[in-house]
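Just so you know, we're using numbering that gives the first Met the number 0 here: the sequence shown kicks off at 0 and counts up by one.
The structure under discussion appears below in the form of structure tokens.
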Amino acid sequence: MRNRSRVPVLAIAAQIPGVEIGSTYFQETHPQDLFREASVYTELVSYSEQLPHVLQAAMRTAVEKRGVAVIVIPGEIFLKEAPAGRGSAPITYSPRVIRPAHAELSKAADLLNDAKSVTILGGAGTEGAHGQVIELARKLRAPIVHALRGKEFLEYDNPYDVGMTGLLGFSSGYKAMESCDVLLILGSDFPYRQFYPSKATIIQVDIRGENLGRRTPIDLGLVGSVTDTIDALLPLLEEQTNSKHLDSSTKHYARARKELDELATNDKNRTPIHPQYVARLISDLATDDAVFIPDVGSPTVWAARYLTMNGKRRLIGSFNHGTMANALPHAVGAQCAFPDRQVVALAGDGGLAMLLGELLTVRQLKLPVKLVVFNNSSLNFVELEMKAAGFVNYGTELDNPDFAALANSIGIHGQRVEQPDDLEDALRTAFAHDGPALVDVVTARQELSIPPTITAAQAKGFTLYALRTVLSGRGDEIVDLAETNLLRRLFD
Ligand SMILES: Cc1cc2nc3c(=O)[nH]c(=O)nc-3n(C[C@H](O)[C@H](O)[C@H](O)COP(=O)(O)OP(=O)(O)OC[C@H]3O[C@@H](n4cnc5c(N)ncnc54)[C@H](O)[C@@H]3O)c2cc1C
Ligand SMILES: Cc1ncc(C[n+]2csc(CCOP(=O)(O)OP(=O)(O)O)c2C)c(N)n1
Ligand SMILES: [Mg+2]
């Protein structure tokens, strides 16, 4: 998961005694093989003299390739004398300028200058490039769509924002991409092919050349960092004056945003509580530099739609790999890394149950993690996928204990909330609590509705992820997508 999220990590795996390797000894595995698929470097250390250079290579690779480096060390090596030798400079990221050659920039500028309507799709690669991306959008009069991992870097202070694309996104995000002449992808590896535009010219900027064009055919690929590439590109661009595409896209977004916001209410204290309301209150009540971590499942939907970013807050998760039950263990790591920041895990009931033991870790390490459970008594997200594929739900119901009582029994502040009117106080108390806290919120199970046209698609056994659709609270976003020939494309 960390490897796919491109987090540099040095992992040291202890190995059985070296002389026993190959004898199916007690607890024998070959971690260098086991971790090969989930790492950028893995090596077994058989001699203590190997350690300095293996360690150096592992750390350098983790930093440069941004991933996990695993070194496997038989126990006895830890007890040997370290070999003497000359030390090297500390292994840190070495700042650099990375931008495309001038001829490539020129080609990009020509395409952009000739376009009538440009849309930007920005992702995690826009970290630290907020100012540049906004300036680029201003000059091109281009709406900015983001992929989920770009939300925290792009959505705030952004008059060009038209929301996210994809199944959990906004119809406005999809439409802005589908209806442009030129799509400019900046540091995004957004995986769902069916959401890329069918007709637009596509320019992609990525720091990793190997990522160019792997999700959709492109017309021009540029290798560079987002910041350096925009800095070099801006002087070559003409100021656009026609803002028709931008205006219609931002208007569409305002409408879609308003409709989603209307679902995030207390609803006259009616039960069960809308999960949208929970997410909105979390966003309103959390600190200015909180770290939010949703579980894979419906909490990811609510986080993507209702958590407000501001440039200081973080939104992290298992977004690229999609590992369920990530919120609590991620929160443990984040709270250790940022002891002074508020860390809020948005957990599913299924996710919490899967790694329930981590609650004891939170208590053992006295980590003041705030855990809000979206308790919908189900594996809700897969329930929805089953419906989309035409299956009757099976094995998705959860018979949960009272998670708040459970938390209290192990010394964690716990409160269960069943009435919307009680939610705000419960969250305030938990967030202000000096220590770990869990709020178990009983939320609605039937909240995400599948747009009606999917019924037809079921006949062909489409899964939700294969569909070009945006999940709705009301089932009406499909109207917007249908305008762009959704049905024709689904069946041709
Ligand atoms: C249940 C669930 C539902 C989901 N639904 C959606 C959805 O509807 N919509 C959605 O968008 N996502 C969704 N996701 C997340 C999705 O799977 C991807 O993780 C996400 O879209 C990737 O976002 P990204 O392109 O910003 O990041 P990444 O995939 O991490 O891509 C970042 C790219 O930027 C490049 N890069 C990094 N640094 C730089 C730099 N400095 N300069 C240039 N390039 C750089 C990298 O090489 C990489 O190619 C969902 C996830 C889950 C778990
Ligand atoms: C390890 C793992 N197992 C199963 C899945 C498939 N899966 C994705 S979301 C989900 C349901 C999550 O349930 P819960 O945590 O209760 O969240 P909900 O969707 O109900 O809000 C499942 C089973 C997965 N992504 N990862
Ligand atoms: Mg659930």
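Virtual Cβ for every residue (Gly too), placed ideally from N, Cα, C.
For residue i, report the span of its beta strand (DSSP E) as first-last.
i    : result
T11  : The sequence shown places Ile at residue 11, rather than the Thr named in the question. Taken as a continuous stretch (DSSP letters only), the beta strand (DSSP E) holding I11 covers V8 to Q14.
I119 : V117 to G121
A330 : Taken as a continuous stretch (DSSP letters only), A330 belongs to no beta strand (DSSP E), being part of the alpha helix (DSSP H) at A326 to A336.
T41  : Y40 to L43
L153 : Counting along the chain, L153 falls outside any beta strand (DSSP E), though it belongs to the alpha helix (DSSP H) covering K150 to L153.
K493 : Past the boundaries of the shown model lies residue 493; the chain is included only from 0 to 491, so the question cannot be answered.
M163 : D160 to M163
Q203 : T200 to D205
L492 : Outside the shown range of the chain, which is 0 to 491, sits residue 492, and nothing can be said about it.
I72  : V67 to P73
L50  : Where L50 is concerned, there is no enclosing beta strand (DSSP E), although the alpha helix (DSSP H) it sits in stretches over L50 to K64.
H145 : I143 to H145
V222 : L219 to V222
Compute the distance between the beta-carbons of residue i and residue j, then report whether it is under 8 Å.
i    : j    : result
G267 : D287 : According to the sequence displayed, residue 267 carries Lys and not Gly. Not closer than 8 Å, so no.
S45  : N2   : no
L280 : L422 : yes
R148 : R65  : no
V416 : D433 : no
F373 : G347 : yes
I411 : A436 : yes
L378 : L166 : no
L366 : Q334 : yes
A302 : F169 : no
M58  : I20  : no
V343 : F291 : yes
V132 : I229 : yes
D17  : E80  : For the record, residue 17 in the displayed sequence is Gly; it is not Asp. No, the Cβ-Cβ distance between G17 and E80 is not below 8 Å.
F194 : R427 : no
L327 : L364 : no
E154 : M308 : yes
Q295 : G332 : This sequence places Val at residue 295; Gln is not what is there. Not a contact, by the Cβ cut-off of 8 Å.
H244 : S116 : yes
L139 : T200 : no
E151 : R313 : yes
L345 : P400 : no
P94  : S47  : no
A336 : F430 : no
Under 8 Å Cβ to Cβ from residue i, same chain only, skipping five residues before and after it: list those, please.
i    : result
Q418 : N268, T270 and I272
N407 : G413
T442 : P271, I272, H273, P274, V277, F373, N374 and N375
F402 : D348, L351, V372, N374, G413, R415, L437 and D439
A88  : none
N325 : M0, I292, D294, V295, G316, S317 and G350
In its own chain, which residues sit with a C-beta less than 7 Å from the C-beta of residue i, not counting the 5 before and 5 after it?
i    : result
R487 : At R487 the pLDDT is 36, less than 50, meaning the model places this residue with poor confidence; the figure from the coordinates comes in the next sentence. None.
I11  : I70 and I72
E482 : The predicted model places E482 with a pLDDT of 43, which falls under 50 and marks its position as unreliable; any figure quoted below should be read in that light. Result list for E482: empty, nothing under 7 Å.
D188 : G122, N210 and R214
P190 : R214
A114 : D180 and V181
Y173 : T164, F194, V469 and L480
V67  : R1, N2, V8, A10, A37, S38, V39 and A61
R340 : D288, A289 and V290
V96  : D227
Considering residue i, what are the terminal residues of the alpha helix (DSSP H) in which it resides?
i    : result
H251 : K243 to D260
Q414 : It is not in any alpha helix (DSSP H) - Q414 instead sits in the beta strand (DSSP E) that spans H412 to V416.
D492 : Not covered by the structure: residue 492. The range shown for the chain is 0 to 491.
G84  : Element bounds for G84: n/a, residue is neither H nor E.
I409 : Counting along the chain, I409 falls outside any alpha helix (DSSP H), and DSSP gives it neither H nor E.
Leaving out five residues on either side along the sequence, give the residues of the same chain with a beta carbon under 6 Å from the beta carbon of residue i.
i    : result
Y252 : V161, G162 and S171
N392 : E382 and M385
G208 : V222
Q203 : I184, L211, I217 and G220
P7   : A61, V62 and R65
L447 : L383 and L470
D32  : none
P196 : M176, E177 and L182
M0   : S317, H320 and T322
E396 : S377
T226 : A128 and Q131
E126 : F152
What residues come near ligand 2, if near means a beta carbon less than 6 Å from any of its heavy atoms? D294, V295, G296, S297, P298, G321, T322, M323, G347, D348, G349, G350, F373, N375, S377, L378, N379, F380 and V381
Okay, do the stretch 203-215 and the stretch 136-145 touch, 3+ Cβ pairs below 8 Å being the bar? The stretch 203-215 is not in contact with the stretch 136-145.
Report yes or no: do three or more beta-carbon pairs, one from the stretch 234-249 and one from the stretch 103-110, lie closer than 8 Å? When Cβ pairs closer than 8 Å are counted between the two stretches, the stretch 234-249 is seen to touch the stretch 103-110, the count reaching three or more.
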